[in-house]
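Residue numbers (the UniProt record's numbering): 1 to 648. Single-structure report; data block below.
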C-alpha cells in the first residue's frame with residue numbers, strides 16, 4: 001500500500017523473499033524517477049550479500065504517482081549469472097515481430113533487466129514441482145499397456161488398457177457410491193504412471209505424475225478404472241477420425257462418426273462395454289458423442305466438477321462431466337465427482353465435495369412433472385442446418401412430457417443464435433494461446449510434464465497437427481493481430497447471452513432443443529483440409545453456446561431416425577435439456593422422468609427406412625459386429641411422429 005508522510009512522500013516497497021537484514025544506511029544507487037523537482041529521488045535498499053534488491057520509491061515530492069506510473073514493480077537479482085545467455089540485440093529481436101523498438105540508449109538497461117528475469121526463471125525452473133501425490137499403494141496401477149488389435153474395440157476406442165481397483169469398502173451403490181461400476185477416462189485426464197497420447201503424435205506420449213481429482217474420487221467411491229479412452233486430436237474436433245491413434249467407429253454402425261472429442265468413451269458406454277466414461281466438454285465434446293452413440297452425457301454448470309488434472313482448452317469453456325447409460329447413473333456419478341477440491345479456481349462457486357445428493361433427489365421424486373414448466377427453444381429448432389426429421393423427433397419426445405404433468409410451450413432467446421460465433425472466436429483466440437503454451441491467469445494445477453513434452457513447437461511437429469488444431473492456431477494468431485480487444489468483447493457478450501438465459505429460467509424450469517442438428521454422419525476425409533471439416537460443420541450449433549454461458553446441459557437419447565445417406569441404418573437422436581446455473585437437479589429430474597416412462601429404443605422413425613434396420617447394441621449380442629440385422633420393425637406398432645408447428 002502507499003504510505004503518505006507529512007511531506008506527502010510516497011513509499012512503495014517491492015520485495016520478494018527478503019529474509020536478510022536491510023542495510024540501515026541506504027544510499028541512492030540510481031535515480032529511477034529522474035532528478036527533477038517534480039519527482040525527486042529513489043533510494044535502493046539491499047544488504048551486501050542480498051540475492052535480491054529491494055527498491056523503495058520515496059522521498060519528498062509534489063507529485064503523487066498513480067499505480068502503473070512506477071518505473072518498476074519487478075524483482076531483480078543483484079548480480080547476473082556468469083553463464084547468462086542474454087546478449088546484446090536480444091531485446092530488439094523480441095520486439096521486432098511486433099513492429100516495436102526501444103531507444104538505443106536504453107538497450108543496455110533492458111538487456112540487463114532481461115538477463116535478470118532469465119536468472120529468475122532459471123532459479124524457479126530448478127525447483128521441484130508441486131504436484132498432488134497420488135496414493136498408488138492404495139490404488140496400484142496394474143498391467144498398463146497399449147491395447148493389442150484383439151483388445152481394441154470400435155476401431156481404436158482404447159488409448160491404454162490397465163486396471164485400478166476402486167475402494168472395496170465403499171458403500172453400496174444405492175447409498176450413492178459407484179461400487180462395482182466400470183469407468184474409462186478420456187485420454188486427457190491425468191493418471192499417474194499412465195502415458196497419455198492426447199490424440200496426437202506431434203510429440204511423444206507424456207506420463208503424468210499425479211492423478212486428476214476425479215480419478216481419486218471415483219476410486220474412493222468404489223469404481224474400477226479399466227483404461228483411458230481415445231480422444232480426438234488435442235480434444236479439438238467433434239469428429240471421431242482425427243486422432244493419430246486411429247478412427248473410432250459408431251457402436252450402431254461402422255463407418256459412421258461417434259462424435260467427439262470424447263469419442264472413445266462414448267463408443268464404449270454406448271455399446272455397454274463400460275458403465276461410465278469421464279470426459280471433457282469445451283464446445284460439446286460430451287454431449288455430441290452422447291447424442292450420436294445413444295448415451296446420457298452431462299455438461300454441468302461451469303465449475304461444478306474441478307478440472308484439476310485435465311488438459312485445458314480455455315478456462316472459460318472448460319467443463320468436465322460423465323457419459324453414462326442412464327440419467328440415474330449420471331446423477332450417481334455427479335454426486336461422487338462434484339464439489340470444490342481446494343485447487344481449481346473454476347470450482348470456487350461449487351459446494352464442498354460430498355455435499356451433492358442428485359441421486360437421492362431422483363429417488364425421492366415421484367416421476368411426475370406437475371408444476372414443471374418446459375420451454376421449447378425456437379432458435380434451437382428453427383435453423384437451416386437442423387434436419388427436419390431430428391426437429392420433429394425431438395419435438396415429439398418433448399411433447400411426451402405433457403403426459404407427465406409438465407407444461408410445454410415455445411420460448412425464444414434470440415441471442416442463442418450469436419452463441420456459435422462467440423464461442424468460435426473465444427475458442428480460436430484462447431485455444432491458440434493454450435496450444436502454443438501461452439495460457440495464463442488461472443489458479444490450479446499446472447500440468448508441467450505435458451507442457452515440457454510438447455513445447456516448443458517445431459515445424460515438423462506443427463505439420464503433424466490435424467487440420468482442426470492447425471486452424472485454431474492460425475485463426476487465433478490472426479484474430480489477436482487484427483482484432484485487438486475482440487476476446488474481451490466475446491466475454492462480455494457471452495455474459496449477455498448468459499443473462500438472457502437466466503431471465504428465461506425465471507419462467508421455465510428447463511429448456512429443450514436438439515443436441516445435434518443431425519444424426520451421426522459418415523467419417524470425413526483425412527487427406528483434405530476442407531474435407532476433414534465437412535462432417536462437423538454446424539454440429540455444435542446448440543451445444544457450444546452453453547460452454548460460453550456455463551449453463552448445465554444434458555443430452556439424452558430419445559429414439560432413432562435413418563442415416564441421411566442410408567435408410568437402412570438407424571442412428572440415435574439426442575435431446576438436450578438445459579437448466580439455470582447450478583440447477584442440475586432440474587435437468588436430471590426431467591430427463592429421469594422421461595426415461596422412466598418411455599423406452600427410447602422403441603421410438604423409431606421408419607418413414608424413410610426399410611423394415612430391416614440395425615437395433616441398439618443393448619440386446620446382449622456381441623458388440624464386435626455392428627452390422628447384424630435385427631427383427632423387423634413394424635410401422636403399425638411404432639409411435640407416430642407428430643409434427644409440431646412452431647411460430648415463425
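No residue lacks a Cβ here, since even glycine has one placed at the ideal position from N, Cα and C. Bear in mind that the values here come from a model prediction, so they are computed numbers and not experimental data.
To the nearest whole angstrom, what separates the beta carbons of residue i and residue j, a pair I think is in contact under 8 Å?
{"i": "residue 558", "j": "residue 397", "result": "4 Å"}
{"i": "residue 427", "j": "residue 550", "result": "Their Cβ separation, rounded to whole angstroms, is 15 Å, which puts residue 427 and residue 550 out of contact at 8 Å."}
{"i": "residue 345", "j": "residue 434", "result": "Not a contact, Cβ separation roughly 16 Å."}
{"i": "residue 379", "j": "residue 336", "result": "At roughly 35 Å, the Cβ-Cβ gap does not stay under 8 Å, so residue 379 and residue 336 are not in contact."}
{"i": "residue 497", "j": "residue 418", "result": "7 Å"}
{"i": "residue 240", "j": "residue 258", "result": "4 Å"}
{"i": "residue 572", "j": "residue 294", "result": "4 Å"}
{"i": "residue 80", "j": "residue 119", "result": "6 Å"}
{"i": "residue 299", "j": "residue 286", "result": "5 Å"}
{"i": "residue 261", "j": "residue 228", "result": "With 8 Å as the limit, residue 261 and residue 228 do not qualify as a contact, their Cβ atoms being about 13 Å apart."}
Using C-beta distances below 6 Å, list every residue in its chain close to residue i, excluding the 5 sequence neighbours before and after it, in chain order.
{"i": "residue 180", "result": "none"}
{"i": "residue 275", "result": "181, 182"}
{"i": "residue 166", "result": "219, 222, 223, 224"}
{"i": "residue 406", "result": "369, 372, 374"}
{"i": "residue 493", "result": "422"}
{"i": "residue 139", "result": "164, 219"}
{"i": "residue 616", "result": "With a pLDDT of 38 at residue 616, under the threshold of 50, the modelled position of this residue cannot be trusted; read the value that follows with caution. So the list reads 601, once near-sequence residues are dropped."}
Which same chain residues, not among the five before or five after residue i, have their C-beta less than 7 Å away from its C-beta?
{"i": "residue 114", "result": "86, 90, 91"}
{"i": "residue 596", "result": "367"}
{"i": "residue 659", "result": "In this structure the chain extends from 1 to 648, so residue 659 is not present and cannot be described."}
{"i": "residue 111", "result": "86, 88, 90, 91"}
{"i": "residue 144", "result": "160, 162, 193, 194"}
{"i": "residue 544", "result": "283, 284, 419, 420, 423"}
{"i": "residue 306", "result": "213, 340, 341, 343, 344, 347"}
{"i": "residue 415", "result": "496, 497, 500"}
How would you write the range of the beta strand (DSSP E) that residue i sits in, first residue to last?
{"i": "residue 227", "result": "224-229"}
{"i": "residue 162", "result": "158-164"}
{"i": "residue 510", "result": "510-514"}
{"i": "residue 280", "result": "276-280"}
{"i": "residue 299", "result": "296-299"}
{"i": "residue 375", "result": "373-377"}
In the DSSP assignment, what residue or residues form a beta bridge with residue i?
{"i": "residue 560", "result": "572, 604"}
{"i": "residue 247", "result": "In the DSSP output, where bridge partners are listed per residue, residue 247 has none listed."}
{"i": "residue 270", "result": "None; residue 270 has no bridge partner."}
{"i": "residue 310", "result": "189"}
{"i": "residue 305", "result": "Residue 305 pairs with nothing; no bridge assigned."}
{"i": "residue 555", "result": "297, 576"}
{"i": "residue 182", "result": "224"}
{"i": "residue 408", "result": "374"}
{"i": "residue 478", "result": "DSSP lists no partner for residue 478."}
{"i": "residue 391", "result": "None; residue 391 has no bridge partner."}
{"i": "residue 566", "result": "563"}
{"i": "residue 352", "result": "340"}
{"i": "residue 206", "result": "196"}
{"i": "residue 255", "result": "Per DSSP, none; premise fails for residue 255."}
{"i": "residue 522", "result": "256"}
{"i": "residue 155", "result": "248"}
For residue i, count neighbouring C-beta atoms within 10 Å of its own C-beta (all shown protein chains included) and say buried if the count is 16 or more, exposed if not.
{"i": "residue 535", "result": "buried"}
{"i": "residue 353", "result": "buried"}
{"i": "residue 469", "result": "buried"}
{"i": "residue 546", "result": "buried"}
{"i": "residue 429", "result": "buried"}
{"i": "residue 462", "result": "exposed"}
{"i": "residue 506", "result": "exposed"}
{"i": "residue 580", "result": "buried"}
{"i": "residue 187", "result": "buried"}
{"i": "residue 520", "result": "buried"}
{"i": "residue 443", "result": "exposed"}
Go through its chain and collect everything with a Cβ distance to residue i's Cβ below 8 Å, but skip five positions before and after it.
{"i": "residue 210", "result": "131, 132, 133, 134, 190, 192, 309, 445"}
{"i": "residue 156", "result": "230, 243, 245, 246, 247, 248, 264"}
{"i": "residue 491", "result": "316, 426"}
{"i": "residue 525", "result": "531, 532, 534"}
So the alpha helix (DSSP H) residue i belongs to, where does it begin and stop?
{"i": "residue 531", "result": "529-533"}
{"i": "residue 463", "result": "459-463"}
{"i": "residue 322", "result": "Not the alpha helix (DSSP H): residue 322 falls in the beta strand (DSSP E), residues 320-324."}
{"i": "residue 435", "result": "419-435"}
{"i": "residue 143", "result": "No alpha helix (DSSP H) holds residue 143; the beta strand (DSSP E) holding it covers 142-145."}
{"i": "residue 549", "result": "545-549"}
{"i": "residue 124", "result": "107-126"}
{"i": "residue 90", "result": "90-95"}
{"i": "residue 486", "result": "486-504"}
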